[in-house]
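Notes to accompany the following structure.
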Amino acid sequence: MTVAPEGRKLLRLEVRNAQTPIERKPPWIKVRARMGPEYTQLKGLVRREGLHTVCEEAGCPNIFECWEDREATFLIGGDQCTRRCDFCQIDTGKPAALDRDEPRRVADSVRTMGLRYATITGVARDDLPDGGAWLYAETVRAIKELNPSTGVELLIPDFNGEPARLAEVFGSRPEVLAHNVETVPRIFKRIRPAFTYQRSLDVITAARDAGLVTKSNLILGLGETPDEVRTALADLRGAGCDIVTITQYLRPSTRHHPVERWVRPEEFVEFARHAEGLGFAGVLAGPLVRSSYRAGRLYEQAARTRA
Numbered sequence: 144m145t146v147a148p149e150g151r152k153l154l155r156l157e158v159r160n161a162q163t164p165i166e167r168k169p170p171w172i173k174v175r176a177r178m179g180p181e182y183t184q185l186k187g188l189v190r191r192e193g194l195h196t197v198c199e200e201a202g203c204p205n206i207f208e209c210w211e212d213r214e215a216t217f218l219i220g221g222d223q224c225t226r227r228c229d230f231c232q233i234d235t236g237k238p239a240a241l242d243r244d245e246p247r248r249v250a251d252s253v254r255t256m257g258l259r260y261a262t263i264t265g266v267a268r269d270d271l272p273d274g275g276a277w278l279y280a281e282t283v284r285a286i287k288e289l290n291p292s293t294g295v296e297l298l299i300p301d302f303n304g305e306p307a308r309l310a311e312v313f314g315s316r317p318e319v320l321a322h323n324v325e326t327v328p329r330i331f332k333r334i335r336p337a338f339t340y341q342r343s344l345d346v347i348t349a350a351r352d353a354g355l356v357t358k359s360n361l362i363l364g365l366g367e368t369p370d371e372v373r374t375a376l377a378d379l380r381g382a383g384c385d386i387v388t389i390t391q392y393l394r395p396s397t398r399h400h401p402v403e404r405w406v407r408p409e410e411f412v413e414f415a416r417h418a419e420g421l422g423f424a425g426v427l428a429g430p431l432v433r434s435s436y437r438a439g440r441l442y443e444q445a446a447r448t449r450a
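Just remember that this note's numbering sits 143 ahead of the position in the sequence shown, which is counted from 1.
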């Protein structure tokens with residue numbers, strides 16, 4: 144029996160994915176390390192204090208720029224997700240018990256690192272009665288109480304679209320409420336079987352109706368066509384999405400969905416122009432862009448545009 148690293152039996156989809164070797168990256172998928180003084184200081188501080196960020200643990204290619212801006216991303220809810228998306232490197236399994244002290248520790252880390260802007264993301268917690276809504280909301284509240292001048296971006300699952308859960312999260316008033324659609328309708332169910340495209344759009348609309356700045360992300364290279372990308376961008380804008388990032392899929396392992404194509408840099412420029420023409424207040428698109436890349440700057444740009 145073939146097993147995943149977390150000890151569970153591989154899904155048939157994962158076995159099929161593994162038949163395709165990891166793809167060779169094109170020359171434009173490369174990162175130049177530029178270690179400025181702010182990055183160097185944060186790197187030493189994180190090591191000394193034993194802090195944990197998604198930036199380091201996921202090997203994000205943009206860590207040098209983001210840390211230079213005093214921005215970082217934290218993962219809450221544990222390292223096991225109750226859902227499985229075919230592009231995501233987070234393991235699927237039974238999560239540990241809810242850690243009610245986690246919001247305080249994240250807030251302490253934000254203060255220790257002296258962050259100007261913090262992005263909070265997390266796993267889906269369908270095992271909890273509220274789907275993890277309290278944890279997401281309380282983390283924002285804890286950060287704001289301890290770090291009143293720090294901007295907070297909250298990247299959430301869909302909480303099954305339940306109004307009470309969404310209201311709990313929206314009530315914490317992050318600067319940006321992000322929910323990532325990730326892909327286009329035609330392949331959505333195959334890539335994100337536990338989510339639905341329309342429900343994700345509805346979450347964005349609900350956040351916008353609650354007066355929040357909204358954000359989403361599209362991953363390219365999963366099998367979508369350029370026309371489908373443009374349609375998805377129009378859907379997002381129509382749902383009330385203010386900010387969008389457009390990224391290249393990088394396959395975490397052979398268990399994950401193969402890369403269908405490498406989108407050239409000039410195509411990302413075209414998609415960005417198209418998104419701007421649709422009226423998004425903030426747009427970032429590129430092969431190495433990630434949904435939290437330059438999040439603070441993008442929020443400030445969007446806030447000025449909305450004003």
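Yeah, the Cβ is synthetic: ideal placement off N, Cα and C, and Gly gets one too.
Report all residues from its chain with a CB closer than 7 Å to the CB of residue 343; omit the five preceding and five following residues, and keep chain order. Only 301, 322 and 324 meet the Cβ criterion.
Can you tell me whether residue 144 is helix, strand or coil according to DSSP? Confidence at residue 144 is low in this model, with a pLDDT of 43, below 50, so the placement of that residue is unreliable and no value is reported for it.
I need the straight-line Cα distance from residue 215 to residue 160, nearest angstrom please. Residue 160 has its alpha-carbon roughly 32 Å from the corresponding atom of residue 215.
I need the DSSP call for residue 155, collapsed to helix, strand or coil. In the structure shown, residue 155 adopts helical secondary structure according to DSSP, grouped into three states.
If you measure from the beta carbon of residue 363 to each beta carbon in chain C, is any gap under 7 Å? Included in the structure is just one protein chain, with no chain C present.
Assuming residue 121 and residue 266 form a contact by the criterion Cβ under 8 Å, report the distance between their Cβ atoms to the nearest whole angstrom. This structure does not reach residue 121, given that the chain is present from 144 up to 450, and the question cannot be answered.
Is it the case that the Cβ atoms of residue 458 and residue 441 are separated by a distance below 7 Å? Outside the shown range of the chain, which is 144 to 450, sits residue 458, and nothing can be said about it.
Counting along the chain, where does the alpha helix (DSSP H) carrying residue 183 start and finish? Element bounds for residue 183: 180-192.
Contact between the stretch 160-180 and the stretch 398-410 is defined here as three or more beta-carbon pairs at a separation below 8 Å; is this criterion met? In this structure the stretch 160-180 touches the stretch 398-410; the number of beta carbon pairs closer than 8 Å is three or more.
Under three-state DSSP, which class holds residue 287? Looking at residue 287 - three-state DSSP - the assignment turns out to be helix.
Suppose contacts are defined by Cβ-Cβ distances below 7 Å. Is residue 312 in contact with residue 295 by that definition? The Cβ atoms of residue 312 and residue 295 lie no closer than 7 Å to each other.
Nearest neighbour of residue 256, chosen from 235, 231 and 286 [CA to CA]: Of the listed residues, the one whose Cα sits closest to residue 256 is 286.
What residues match up with residue 235 in a beta bridge as DSSP calls it? Answer is 224, bridged to residue 235.
Sequence-distant residues of the same chain with beta carbon closer than 7 Å to residue 178, five excluded per side: Its chain contains 207 as the residues whose beta carbon lies nearer than 7 Å to that of residue 178, once the 5 sequence neighbours on both sides are disregarded; these appear in chain order.
Cβ contact (3+ pairs, closer than 8 Å) linking the stretch 414-426 and the stretch 379-394: Yes, they touch.
Residue 249 - DSSP class collapsed to helix/strand/coil: It is helical.
Is the Cβ-Cβ distance between residue 350 and residue 308 less than 7 Å? No, the Cβ-Cβ distance between residue 350 and residue 308 is not below 7 Å.
For a test of the three-state rule: what should DSSP assign to residue 340, helix, strand or coil? Residue 340 falls in the helix class under three-state DSSP.
Could you tell me whether the Cβ atoms of residue 334 and residue 229 are closer together than 7 Å? Contact: yes.
Near residue 169, what residues of its chain come up, given a Cβ to Cβ distance below 7 Å and the 5 sequence neighbours on each side ignored? Excluding positions up to five away in sequence, the list reads 405.
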